[in-house]
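See below for the structure under consideration.
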Amino acid sequence: MPVSGDDSPAVTEISEKSLVEAAMNGKQESFRILCQRYYASMVAVAYSVLADSHLAEDAAQETFARACCNLRNLKRKDKFPGWLAGICRNVAKDMLHTRSMQFNTNDMSMVEDKPQNDCCINEAVWQAINKLSDSAREVVVLRYYNGLSYEKISAVLGISKGSINGRLTRAKRKIAKYLRHNGFPRE
Amino acid sequence: MKPLKDDKWLDKLISDTISTEIEPFDFDKWKQKYPEEFQTLVSPVRQGAHAPSARGQNIWKIIMKSRITQLTTAAVIIIAVIIGINQFGGPVDITTIAFADITEAMNNVPWMHIVRRGVERGLTGVGEQWFGFETKIEAEKDFDGEVEFWNVKEHKRYKYDPETRTITIIYAYADDVPSFTSSPVSLLEGMLKMVKEQGTEIITKNGKYNGQDVQIQEISPPVMLQGKVYCTGCLYVEPESKLLCAAQLKIIDAKGNTVVDCEVTFDYPKTGPADIYDLGVPRDARIIDKMPKEDYLAILDKYRECRDKATSEYVAIITHTLKYKEFFVSKVEVEYKSGPNYRFEQHFVFNAGESIEKSWPKHKKQLGDSYESLMAWLQRHYVNMGRFTIALYDGEYTYSVGRGNSGIWDKVKKRSFSSMPWINLQQLAWPSIGVTEGHIIEDDYARENNLICIERSWQGRISDGKVSLPGRCHYYLDPEKDFICRRKVTERRPDAQWQKDKDWLKDVEPEKIRDRSIYVEEITEVIQAPNGCWYPRMIAEGIRKDYQDVPLKVSPTKTVYIRTNPEFPEDIFNADKLSGCSEPN
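Dropping the structure here:
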């Protein structure tokens with residue numbers, strides 16, 4: 003079994019289920035591959051809660067630590083990414099309580115009136131993202147934070163690609179609407 | 006779902022707003038950070054069956070930072086187990102050798118030399134370890150020929166790889182050093198906390214070892230270490246010197262496989278190895294020196310000294326200002342710090358749904374612009390309905406709790422940390438600067454403002470088809486003002502001149518390469534407190550387009566109000582008195 007740092011083609015050929023099984027049996031190489039495969043996804047999941055990239059990376063690492071301790075309790079091996087994402091959400095929410103957020107989602111949720119016309123459009127987009135529901139914000143962040151594929155998002159969220167597309171489209175409509183209502187024309 | 010018409014502009018906008026590069030996951034670093042959890046994974050023992058105490062986990066984490074202290078030091082751990090248990094009233098007959106005497110004897114030796122002969126992790130051979138308790142030197146020659154030599158005083162770690170005949174020298178962080186380098190007893194005390202609940206007994210009897218009279222201590226039943234392996238064996242103590250002279254050691258995993266089966270001997274010479282060559286490393290081995298330069302280390306020492314002095318005891322109020330038509334304060338933070346105790350509160354000025362435009366004049370008046378007025382507001386906000394969170398650290402645990410818009414408190418969350426994971430004022434004024442890959446440079450900004458500039462950089466990488474841009478951080482420290490970091494500039498750019506491989510992006514599609522970014526955090530005003538230390542007063546953060554004198558787009562700003570001779574409110578650090586909760590869970 004390759005143990006290189008990257009998720010190389012040889013590695014991706016190994017089925018997820020067998021990797022999870024091997025990790026459950028204490029094979030660190032398998033766990034390493036799983037961590038590398040899902041690190042970016044977990045950072046994105048955490049980022050959708052924390053809105054801080056450094057904290058999100060910490061949260062992803064903590065997620066793997068908790069996964070280590072509970073891996074053998076995982077019943078559906080094929081649901082590993084979704085299970086991992088569940089842990090990650092909890093870790094991120096825990097962290098949210100203990101640490102100060104520069105762009106706390108609560109901070110931004112209160113901005114209901116129109117931003118100033120000369121306000122940076124990225125700030126307005128950020129506000130719009132933060133006004134989305136948790137599940138919509140999560141799918142947006144997964145897609146755009148580090149450019150995850152639909153396939154990977156599907157694995158992490160445990161929903162079909164069609165559902166992801168639907169959620170993304172609805173979320174983007176809301177973002178576009180928010181921008182339009184706040185004085186930012188298309189383009 | 007009907008797609009949006011031509012929404013590429015929106016894709017780009019969202020991507021520009023939130024996209025970032027994620028550093029590739031480093032499994033080895035992660036393992037070092039979470040040794041206990043990792044061991045739980047690789048242990049075939051059922052997880053959770055012997056969960057160690059939270060305190061024990063911390064100790065284990067500290068100890069396990071050194072590779073040397075892992076399995077290979079099992080012999081020392083066994084000693085710790087035995088002595089530790091019996092120090093605290095285990096079943097050993099008091100007519101036998103007094104364990105306090107053993108501890109005392111062990112504590113006074115200048116060097117301990119351990120030789121292991123037998124089988125270890127599938128390898129048959131000999132391994133040895135040296136512990137210089139006064140010289141602060143630790144060394145190990147492993148069964149596979151690898152040699153490590155730690156000079157704790159000099160913060161140097163030498164590692165010899167026999168395959169490549171290479172010695173690599175790296176900086177050894179103070180907290181990487183295993184605690185028992187100070188004395189074996191410190192390890193014993195720590196290990197005791199982990200094993201004393203296991204009900205292990207020591208059977209003591211007199212006997213002989215190599216023809217000499219000795220006291221024999223047998224462990225029964227086997228001791229489980231960290232839910233990973235079982236240790237069994239016996240220990241021979243020399244009756245006159247009260248020193249351990251030998252041990253037989255067996256470590257088995259839960260399936261009954263032998264991991265270690267060694268005969269261990271101990272001796273206590275007056276001197277030990279002075280360098281890695283004394284352990285048999287060839288003198289013509291190639292050396293890769295990754296140690297930072299002395300001037301850099303000296304600056305970092307001063308930097309940390311000033312940081313620790315300035316942030317040992319204080320109360321600081323920090324307001325966060327955002328711009329929405331006009332500037333408004335969105336959040337007020339207050340932190341109390343006294344030695345290891347730390348309390349951090351963040352109070353949100355606006356409730357969800359509250360109109361900034363309509364409510365800001367009222368809040369502005371109530372907040373005021375002084376330490377006193379803000380503290381009064383905080384106290385009112387604490388009592389009245391309003392959103393805020395509290396994090397408390399008592400030297401061992403963090404407790405966190407929050408109150409939402411509805412006025413309902415969350416349940417207190419308690420977590421174990423070996424140190425306060427995050428201190429706000431330190432991050433603002435003295436952010437963490439790593440030792441490795443750093444050096445001092447001179448640039449125009451540093452020269453013009455009499456600042457010391459530290460540069461740290463990292464290489465761009467392509468992993469799993471994703472591009473992680475090369476990055477660089479410049480920290481501008483003010484030597485006249487307690488080395489406060491006046492400006493921190495973090496930049497990432499695809500065409501970075503510090504990228505060693507200039508063609509690293511040649512096979513990457515252009516649309517996968519993100520644009521450069523420069524993020525600036527700057528302390529624009531400082532104040533000197535009555536204790537003589539300097540602190541930030543105003544902090545601005547924002548994005549700058551490039552190196553040129555393009556104005557910084559600032560958002561948000563922070564203002565600090567500080568008291569360095571505070572009278573702390575009663576029970577401010579008492580977790581049992583956290584508001585809204587009867588008692589921590």
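Quick mapping for you: the protein sequence lines, in order, are chains A and B.
Take 3 as the starting number for the first sequence in this note's numbering and just add one per residue.
Take 6 as the starting number for the second sequence in this note's numbering and just add one per residue.
Idealized CB from N, CA, C, for every residue including glycine.
The structure presented is a predicted model; accordingly, all values stated were derived computationally and were not measured.
Please state if the CB of V525 (chain B) and the CB of R542 (chain B) are separated by a distance shorter than 8 Å. no
Return the chain-ordered list of same chain residues with a C-beta closer than 6 Å to the C-beta of C90 (chain A), the five sequence neighbours on each side being excluded. M44, V47, A48, T65
Give the residues of chain A in contact with K471 (chain B), contact being defined as C-beta atoms less than 9 Å apart. Here the neighbours are A42, N148, G149.
What did DSSP end up calling S246 (chain B) once you bin it into helix, strand or coil? Note: S246 (chain B) maps to coil in three-state DSSP.
CA-CA distance, N262 (chain B) and E153 (chain A)? 41 Å
Taking the alpha carbon of Y319 (chain B) as the point to measure from, which residue in B:W503, B:C239, B:N346 has its own alpha carbon closest? Closest by alpha carbon: B:N346.
Taking Cβ positions, are I131 (chain A) and V142 (chain A) nearer each other than 8 Å? Yes, Cβ-Cβ distance for I131 (chain A) and V142 (chain A) is below 8 Å.
Based on Cα-Cα distance, which residue from A:A126, A:H56, A:I155, A:D96 lies nearest to G84 (chain A)? A:I155
With a threshold of 8 Å between beta-carbons, can W65 (chain B) be considered close to chain A, or not? Confidence at W65 (chain B) is low in this model, with a pLDDT of 35, below 50, so its placement is unreliable and the value that follows should be read with caution. For W65 (chain B), the answer is no, since every Cβ of chain A falls outside 8 Å of its Cβ.
I need the straight-line Cα distance from K29 (chain A) to V47 (chain B), nearest angstrom please. 6 Å
Assuming F148 (chain B) and G130 (chain B) form a contact by the criterion Cβ under 8 Å, report the distance between their Cβ atoms to the nearest whole angstrom. 4 Å
Would C71 (chain A) pass as an interface residue toward chain B - the criterion being a Cβ-Cβ separation below 8 Å? yes
Quick check: the Cα distance between R122 (chain B) and V269 (chain B), rounded to an integer number of angstroms? 6 Å
Could you give the first and the last residue of the continuous beta strand (DSSP E) run that contains T495 (chain B)? 489-497
Could you name the residues that DSSP lists as bridge partners for M543 (chain B)? B:E530, B:T564
Helix, strand or coil at E447 (chain B) [DSSP, three-state]: Coil at E447 (chain B), not helix or strand.
Where do the ends of the beta strand (DSSP E) carrying R408 (chain B) lie? 402-408
Length of the line joining the Cα atoms of V114 (chain B) and W135 (chain B): 12 Å
For the beta strand (DSSP E) containing N156 (chain B), list its first residue and its last residue. 152-156
Identify whether Q502 (chain B) lies in helix, strand or coil by the three-state DSSP scheme. coil
Going by DSSP, what residue range makes up the beta strand (DSSP E) through S335 (chain B)? 331-343
At 7 Å on the CB atoms, spell out the chain B contacts of S55 (chain A), in chain order. T25
With 16 other Cβ atoms within 10 Å as the buried cut-off, status of K174 (chain A): buried
Cβ-based burial, D483 (chain B) [other Cβ within 10 Å; buried from 16]: buried
Check whether the region 28-35 of chain B and the region 465-485 of chain B are in contact - that is, three or more C-beta pairs closer than 8 Å. yes
Rounded C-alpha distance that separates D300 (chain B) from V158 (chain A): As the crow flies, the alpha-carbon of D300 (chain B) is around 48 Å from that of V158 (chain A).
Can you confirm whether the region 509-529 of chain B touches the region 330-337 of chain B when touching is taken to mean that 3 or more C-beta pairs between the two stretches lie within less than 8 Å? no
So which residues of chain B does R128 (chain A) contact, with C-beta pairs closer than 9 Å? It should be pointed out that residue 128 (chain A) corresponds to Trp in this sequence rather than to Arg. What W128 (chain A) touches in chain B: T22, I23.
Any heavy atom of the ligand NAD inside 7 Å of the beta-carbon of L86 (chain A)? Inclusion of the ligand NAD in the displayed structure is not the case, the ligand content being empty and no account of it being possible.
Put C90 (chain A) into one of helix, strand or coil per three-state DSSP. helix
Could you tell me whether the Cβ of I577 (chain B) comes closer than 8 Å to any Cβ of chain A? Not one beta carbon of chain A lies nearer than 8 Å to the beta carbon of I577 (chain B).
Under 8 Å between C-beta atoms, does Q567 (chain B) make it to chain A? Here residue 567 (chain B) turns out to be Ile, not Gln, going by the sequence shown. False, the Cβ-Cβ gap to chain A never drops below 8 Å.
Of the residues B:L456, B:A580, B:V354, the one placed nearest T403 (chain B), counting alpha carbons only: Shortest Cα-Cα distance from T403 (chain B) to any of B:L456, B:A580, B:V354 involves B:A580.
Residues of chain B with CB under 8 Å from A94 (chain A), in chain order? Going along chain B, no residue has its Cβ under 8 Å from A94 (chain A), so there is no contact; the nearest lies around 13 Å.
Please classify F332 (chain B) as buried or exposed, where buried requires at least 16 neighbouring CB atoms within 10 angstroms. exposed
Run through DSSP, which three-state label would V525 (chain B) get? In the structure shown, V525 (chain B) sits in a strand (DSSP, three-state: E or B).
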